[in-house]
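According to full-length UniProt numbering, the stretch in the sequence shown is residues 1 to 850, in order. Don't be surprised by glycine CBs; every beta carbon is placed ideally from N, CA and C. For reference, the structure is listed below as structure tokens.
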Amino acid sequence: MSITRSIPYFFIVMILASCAKTVKEDPSNPSPAKSAKEELETFQLQSGLEIQLVAAEPMVEDPVFITFDADARLWVIEMRGFMTDTLGSEEDKPIGRISILEDENGDGVMDKSTIYMDSLIMPRALGFFADGVLVAENKALWITQDLDGDLKADTKVLLDSTYASSGNPEHSDNGLLRNVDNWYYNAKSKIRYKYQDGEWIRELTEFRGQWGISQDDQGRLFYNYNWSQLHADLVPPNYLSRNPNHSPSTGIDYGVAQDRRVYPIRPTPAVNRGYIPGVLDENQKLMEFTAACSPLVFRSTLFPEEYYGNAFVAEPSGNLVKRNVLIQNGTTITGTDPNPGKEFLASTDERFRPSSFATGPDGALYIADMYRGLIQHGAFMTPYLLEQTIDRGLELPIHLGRIWRIVPEGATTRAMPKLSQASNEDLIIFLSDKDGWYRDMAQRLLVERKDLSVKDALIKLAVDPNASEMGRFHALWTLEGLSILSEDFLFSIFEQSSGLIQSTALRLLEPFAQASSSTRSKLAKAMEDAAVEATQAEALQLALSSYMLSASDDEKVLSAIFKKYGDDPLMRDAMLSSLEGREYDFLQKLWVSSEWQNQDQSKEIFLETLATAVLKNGKPAEVNGLLTMANTKELGWKENILISGMSIQAGNLKGKELIALKSEPSLFKRTDLPIDENRLDMLRRIFTWPGFVPSEKAVSESQLDEKGMQQFAQGRQKFLVTCAGCHGSDGAGATRMGPPLADSDWVLGDERRLAMILLHGLEGPIDVAGKTYDAPDILPVMPSHSTMDDGSIAAILTYIRNEWGNQSPPISGRTVSKTRLITQGRVYPWKATELNEYIESIPPEETPKP
């Protein structure tokens with residue numbers, strides 16, 4: 001059933017005031033529901049801005065997602081079945097809906113609501129496309145269409161039965177963000193979609209985030225997890241994950257914002273783990289993120305200049321919105337809080353629950369507010385939260401909700417357009433608009449109109465050196481979406497441009513190069529020339545795109561890039577992503593290069609990473625070649641790296657098909673190897689040769705079982721990227737950087753203490769093996785690595801506890817998870833004495849078990 005509603009706004013406010021008065025009179029409810037007008041008085045907002053009510057119940061209820069269409073209508077997903085009681089008993093009921101809100105008189109307040117679809121089971125995502133609207137509900141993704149223009153869905157066809165099939169509201173696919181590359185991306189998902197020639201293409205992509213997904217001006221994807229507020233992919237999708245022989249350690253799921261601290265302006269006792277010390281401060285206020293969601297990169301010029309490109313993150317458990325300023329540092333991005341101690345937006349109303357953001361065509365920041373007491377899904381609700389919810393009367397009322405917008409004080413917003421009626425000429429102008437919403441929408445509409453007559457105008461914009469970079473960028477992707485790019489045109493762009501435009505032209509040239517050997521040869525020369533003077537950002541795309549070249553040409557480009565930027569871990573990962581099946585050839589070239597005679601840490605790491613990839617590829621001739629290369633009369637640094645690296649990764653290959661050799665490598669008979677007998681035995685175990693099949697029993701016992709050895713090998717790779725810069729690839733420490741890890745009681749001692757150091761950092765002097773290390777001999781502070789997932793931290797810790805003569809039991813991801821939990825609320829680095837005192841204060845029974 002579909003209906004259209006027009007509701008006088010004053011009537012909404014009167015209803016809310018009446019309801020709120022009834023609830024206020026209940027003395028058992030310390031956080032009564034307020035009318036929208038009353039809630040408005042509870043906000044603390046960044047100075048110079050003001051917050052305004054756009055819509056409220058009954059016009060909108062339980063909003064979890066908002067977005068604007070081409071005609072400035074606000075679409076709202078209303079998840080009305082979510083936790084209507086503490087059991088979530090109505091989640092299987094068809095009571096959800098999608099509404100379209102319209103501001104008919106331009107005063108900023110919605111006047112009309114039309115139900116596009118109702119009778120939905122837990123709707124969770126939508127996305128616009130040429131012939132309709134994608135809608136995610138009832139554990140599937142559907143194609144819906146309004147055939148008669150009345151803003152009500154007339155058809156509903158299944159597109160993907162696997163979308164959100166887990167059914168869990170907090171841990172299922174969502175997003176449907178249309179990125180600049182004309183693909184739709186999702187959070188909590190590894191699937192992307194593209195609408196092309198009337199058909200849907202479905203592809204695998206990298207897994208991303210939990211709830212909500214956004215993009216910046218360059219199309220880089222941003223997402224988060226409830227415990228970590230902001231992550232991003234530093235490279236375009238589906239590059240770093242291409243090579244099955246290499247697992248990247250950076251660039252994908254990169255922790256942009258290390259800061260976990262939040263600053264509510266009211267007590268927040270009704271959070272799921274409020275009973276754990278450190279979750280709440282002495283005033284019962286949430287200390288750090290626990291429900292981070294819906295990141296939005298704000299690409300509007302309505303706000304002061306310093307807001308453009310900022311990332312906003314919702315924290316509904318803390319009744320606040322965090323602002324992050326994003327700063328480009330080489331190939332990485334860092335997010336920082338511009339006003340530590342005071343949030344961008346916070347409320348004294350415990351029922352303010354920001355759940356989604358949208359940038360409006362008017363330039364304003366829009367916020368969906370579920371406005372309810374209970375937001376934790378029943379599957380994860382602790383007895384503590386259940387008791388808090390009932391005792392504080394937070395389970396009722398339900399089916400409330402508000403939409404707010406934030407604008408600068410006294411600002412005149414942009415007029416709301418109807419871009420669906422704009423001419424092609426006007427849409428091409430909008431590709432260069434100062435605001436990202438217009439650029440994105442103009443590109444989508446031009447692609448979906450399939451009018452090839454725009455080709456010349458788009459080409460003119462793309463080649464114009466005086467046009468804005470964003471206009472040229474979107475013109476290129478619009479041409480890609482229309483499938484009217486030409487090889488000669490892209491070559492001219494690549495050779496005459498720099499920065500983002502050059503890198504984009506290179507990305508778009510890849511299909512042409514893959515289809516033609518002559519194009520590959522021509523592009524190889526252009527890329528080789530470009531690599532000589534490439535900036536770090538340009539070199540990154542050169543490295544990513546070099547996979548399409550011949551092996552010899554690929555080597556020339558990558559050698560030039562490594563020479564300039566080999567100390568950048570992301571650059572090394574990008575290079576490895578392009579070397580699938582060619583790692584051995586490239587390693588051989590580097591091995592005899594005059595530039596690789598002198599040792600440095602970047603070369604050590606890259607050589608070991610290449611050898612690891614060769615070993616994982618498992619070609620007997622190549623692996624035997626590595627063993628032969630390492631078996632020189634005198635073992636130098638390169639030989640030692642090969643031997644040690646292969647022995648480490650051997651533990652990660654147990655259970656795979658043995659590598660068949662023609663005879664026992666003479667390397668194994670040497671007595672001067674840089675590894676012990678146990679490590680040599682692990683290396684032998686991945687091979688077979690005539691007369692030798694490895695036994696099941698190890699030559700010597702180790703602290704690590706098969707799973708531990710896999711952790712050990714994975715940990716080495718992550719250690720090289722994350723830790724070796726300060727502690728040395730050999731664990732011996734580095735001058736002015738970090739203390740040694742070999743024979744360190746901090747490494748071999750209490751596993752909780754070691755996990756806490758990685759989770760929260762360490763500051764000041766530290767004693768290792770009888771020597772005190774302090775600034776300036778080492779850095780004054782070891783930073784937190786809290787954005788890293790539990791499994792990765794556990795792998796690193798397992799590695800350093802069993803390398804360089806260290807020997808201790810492995811550490812599991814569960815141990816790290818429990819340690820993270822018991823230290824929740826710790827937002828500053830430890831001091832050594834403080835950390836030791838804290839460890840002694842924890843009862844032994846709370847010790848996490850491996």
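Assign residue i to buried or exposed, taking buried as 16 or more other Cβ atoms, counted over all protein chains shown, within 10 Å of its Cβ.
| i | result |
| --- | --- |
| F380 | exposed |
| G106 | exposed |
| K669 | exposed |
| K718 | buried |
| G48 | exposed |
| P665 | buried |
| K34 | buried |
| E495 | exposed |
Per DSSP, residue i forms a beta bridge with which residues?
| i | result |
| --- | --- |
| T67 | W75 |
| L45 | L345 |
| V157 | I143 |
| D767 | T772 |
| D369 | P354, R402 |
| P408 | L49 |
| G335 | L326 |
| T815 | T815 pairs with nothing; no bridge assigned. |
| T359 | L365 |
Under three-state DSSP, which class holds residue i?
| i | result |
| --- | --- |
| M117 | strand |
| N329 | strand |
| V827 | coil |
| L126 | strand |
| L16 | Model confidence at L16 stands at a pLDDT of 35, short of 50, so the residue's coordinates are unreliable; what they give is reported in the following sentence. The answer is helix: DSSP assigns L16 an H, G or I state. |
| E203 | strand |
| G198 | coil |
| C726 | helix |
| W689 | strand |
| K450 | coil |
| Q376 | coil |
| Q284 | coil |
| K563 | helix |
| V271 | coil |
| A832 | helix |
| E664 | coil |
| I842 | coil |
| V532 | helix |
| G733 | coil |
| E837 | helix |
So, using beta-carbon positions, are residue i and residue j closer together than 8 Å?
| i | j | result |
| --- | --- | --- |
| L661 | N631 | no |
| A626 | M646 | It is worth fixing the name first, because residue 626 is Leu in this sequence and not Ala. Cβ distance < 8 Å, so L626 and M646 count as in contact. |
| S578 | A543 | yes |
| A755 | R402 | no |
| Q649 | R405 | no |
| G731 | P739 | no |
| V279 | G825 | yes |
| G373 | T389 | yes |
| H399 | E57 | yes |
| R208 | S228 | no |
| P304 | R323 | no |
| E104 | K93 | no |
| E608 | L509 | no |
| T331 | Q536 | yes |
| R507 | S550 | no |
Rank the options by C-alpha distance to the C-alpha of residue i and give the top, closest one.
| i | options | result |
| --- | --- | --- |
| K418 | L74, P780, Q46, G764 | L74 |
| F43 | D369, Y384, G715 | D369 |
| T747 | I766, R736, M737 | This sequence places Val at residue 747; Thr is not what is there. Comparing Cα positions, the closest option is I766. |
| A795 | P843, P829, R716, E803 | R716 |
| residue 855 | R752, F82, G566 | Outside the modelled stretch of the chain, which goes from 1 to 850, sits residue 855, for which no answer is possible. |
| P776 | T412, D146, L667, M737 | M737 |
| T772 | T819, G149, A832 | A832 |
| M548 | L570, G581, K563 | G581 |
| residue 860 | F562, D440, S355, G728 | Any answer about residue 860 is impossible in this case: the structure gives the chain only from 1 up to 850. |
| F344 | V325, P361, R124 | V325 |
| S552 | H231, D259, K525 | K525 |
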